[in-house]
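Q: In full-length UniProt numbering, the protein residues as written are 1 to 222.
1) Given 8 Å as the limit, is there contact between the segment 160-179 and the segment 33-42, that is, 3 or more CB pairs closer than that?
2) Give me the Cβ distance between residue 120 and residue 25, rounded to the nearest whole Å; I'm assuming they're in contact under 8 Å.
3) With 16 other CB atoms within 10 Å as the buried threshold, where does residue 95 fall?
4) Nearest by alpha-carbon distance to residue 28: which of 172, 165, 179, 171 is it?
5) So, helix, strand or coil for residue 72, using DSSP?
6) Evaluate the contact criterion for the segment 123-139 versus the segment 94-110: three or more CB pairs, one atom per stretch, below 8 Å.
7) From residue 146 to residue 115, what does the alpha carbon distance come to, in whole angstroms?
8) Cβ of residue 123 within 8 Å of any heavy atom in the ligand GTP?
9) Taking residue 170 as the reference, give the member of 143, 13, 153, 30 with the closest Cα.
10) By how many angstroms is the C-alpha of residue 176 removed from the C-alpha of residue 7?
11) Can you list, in chain order, the residues of its chain whose CB lies under 6 Å from that of residue 194, leaving out five sequence neighbours each side?
12) Residue 188: buried (16+ other C-beta within 10 angstroms of its C-beta) or exposed?
13) Does the beta-carbon distance from residue 35 to residue 154 come in below 9 Å?
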């Protein structure tokens with residue numbers, strides 16, 4: 001019978017490789033979640049800045065609004081103020097560039113997500129397939145190099161995004177249903193050759209002055 005993962009013996013070096021892969025999985029999980037939080041915020045910022053600009057620009061440029069501005073001077077002043085407001089929003093949008101920032105965080109988040117899956121697959125599957133420690137070390141080194149490359153080419157995660165990611169991870173947002181299931185309780189082992197069901201115990205011997213179904217009469221001593 002093949003041994004399960006938990007039953008296979010592991011050397012000290014093998015255990016250290018697994019521990020380091022688990023650290024890599026945890027680190028990439030926080031990075032992936034943090035970049036996703038940052039990308040979501042920049043997506044909202046792009047909508048908050050872009051949508052009012054489009055609506056106000058369309059309103060000010062409408063023919064009916066222009067005719068009203070000619071009839072009512074205060075509407076003309078309002079149109080001028082709205083035009084200035086649209087110009088400010090456009091300048092802020094150009095300066096912050098939320099669309100490109102969202103794309104940058106989202107792209108890096110996908111890279112960390114892939115690396116997180118690779119690290120989990122490595123320590124839970126590959127490390128138990130009988131590969132040599134030299135092979136496992138080289139594979140782990142490749143995963144670490146991929147993480148270093150992502151760190152060097154990724155934008156910095158804001159503090160608020162990291163805190164939000166940590167809160168979500170602690171709340172179990174990144175766990176799968178299979179991770180939440182508790183393992184079945186171990187079945188007690190039995191001696192080799194022992195029957196599955198113990199035979200019923202024989203009834204206890206009757207108490208009192210009975211023997212083999214014959215009642216003994218007490219003797220009187222003089």
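Note that beta-carbon positions come from the ideal geometry of N, C-alpha and C, so glycine has one too.
A: Result, derived from the coordinates:
1) yes
2) 5 Å
3) exposed
4) 165
5) coil
6) Between the segment 123-139 and the segment 94-110 there are fewer than three C-beta pairs closer than 8 Å, too few to call the two in contact.
7) 8 Å
8) The model depicted lacks the ligand GTP and carries no ligand whatsoever.
9) Considering only alpha carbons, the answer is 30.
10) Low local confidence applies: a pLDDT of 46 at residue 7 is under 50, so the model's placement there is unreliable, with the coordinate-based value given in what follows. About 24 Å.
11) Residue placement at residue 194 is flagged as unreliable, the pLDDT there being 46, under the threshold of 50; the coordinate-derived value follows with that caveat. Closer than 6 Å at the Cβ level, and outside the excluded window around residue 194, lies no residue.
12) Low confidence applies to residue 188: its pLDDT is 44, below 50, so where it sits in the model is not reliable enough to give any reading.
13) yes
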